[in-house]
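Everything in the sequence shown is counted per the working numbering, starting at 1001 for the first residue and increasing by one. A short write-up of the structure that comes next.
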Amino acid sequence: MNDTPQTLPADLALEMDKVASVIATARRLMADGRTIDLSTLEGRIDALCARVRKTPPATRDVVARAMESLVRALDDLESAIRGRVGGTESEAVPRSRVLNAYARQPVSDGTDD
């Protein structure tokens, strides 16, 4: 008999759905040429990671399989972001501009003012 659960706990599945929804929304906004705010995604991922840490060992395999899907979605989002802001380090948006998008006060790294 196999004691490993085949489905995710309901609360964990809900957290994963929330993360997937934020990723999908970010992709839609980017496709429309709109600016995205990744702070919501960061908060959802933090909540998901906290929930995953509480997962019983018996569910680790099913959790790992479910997380793979989210990691692929995050990788796709990263690729889309990189493509939008400049695909390579040399073509990328200046570091201070990226930091300023998420800072309350303008941030200067002294290299691209």
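Backbone N, C-alpha and C define an ideal beta-carbon position, used for all residues, glycine too.
Considering only C-alpha positions, which residue in the set the options is nearest to residue i?
i: Ala1047; options: Ala1080, Ala1020 and Ser1079; result: Ala1020
i: Gly1118; options: Leu1070, Pro1009, Arg1027 and Arg1051; result: Missing from the structure shown is residue 1118; the chain here goes from 1001 to 1113 and no further.
i: Ala1013; options: Asp1032, Ala1080 and Thr1059; result: Thr1059
i: Met1016; options: Pro1056, Pro1057 and Cys1049; result: Cys1049
i: Gln1006; options: Asp1075, Asp1061, Glu1078 and Asp1076; result: Asp1061
Do the CB positions of residue i and residue j come within less than 8 Å of each other?
i: Leu1008; j: Val1085; result: no
i: Ala1066; j: Met1030; result: no
i: Arg1053; j: Asp1011; result: no
- Message: Quick check for students: name the residue ranges of the alpha helix (DSSP H) that lie wholly in the region 1023–1094, counting only runs of 4 or more.
- Response: 1039–1053 and 1060–1085
- Query: Okay, do the region 1057–1073 and the region 1035–1042 touch, 3+ Cβ pairs below 8 Å being the bar?
  - Reply: no
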